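Engineer:
Numbering (the UniProt record's numbering), first residue to last: 1 to 109.
Below you can see the structure in the form of structure tokens.
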């Protein structure tokens, strides 16, 4: 089972990482001004993870594939790591779909 980890940044804002059961980060959020907003972002990931069209597959300038996860309103709610190939990126998307819906929340802030 995956988990969301909430942490406070040096600037006093909040962000979360979705980690797979092996501890690997599979999705990282933008920063939020409040913990409540950060938790709303987590619930948005949980609610949208099963919808494939919420995953925007991208290619970085260096050619590395990655993805952004978007809410219904089109706002980016999380970004993946850079992958060495598209198969890795697709596996990352599958891992978000598998782990997000029932992931626990670990508040480390």
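For glycine and all other residues, C-beta sits at the position ideal for the given N, C-alpha and C. Computed from a predicted structure; not experimentally measured.
Under a three-way DSSP split, which group does residue 89 fall into?
Structural biologist: DSSP places residue 89 in helix when its eight states are reduced to three.
Engineer: Output the boundary residues of the alpha helix (DSSP H) element that contains residue 46.
Structural biologist: First-last of the alpha helix (DSSP H) with residue 46: 35 to 48.
Engineer: Quick test of your reading: residue 101 and residue 20, contact by CB under 8 Å. State the CB separation rounded to the nearest angstrom.
Structural biologist: About 13 Å; that fails the 8 Å criterion.
Engineer: Enumerate in chain order the residues of its own chain whose CB-to-CB distance from residue 64 is below 8 Å, with the five nearest sequence positions on each side excluded.
Structural biologist: 82, 83 and 84.
Engineer: Rounded to the nearest angstrom, how far is the Cβ of residue 29 from that of residue 15, given a contact under 8 Å?
Structural biologist: Indeed they touch by this definition, with Cβ atoms about 5 Å apart.
Engineer: Which term fits residue 12, buried or exposed, when burial requires 16 or more other beta carbons within 10 angstroms of its beta carbon?
Structural biologist: By the 10 Å Cβ count, residue 12 comes out exposed.
Engineer: With distances taken between CB atoms, is the gap from residue 18 to residue 6 smaller than 8 Å?
Structural biologist: Their beta carbons are not under 8 Å apart, which means residue 18 does not touch residue 6 by this criterion.
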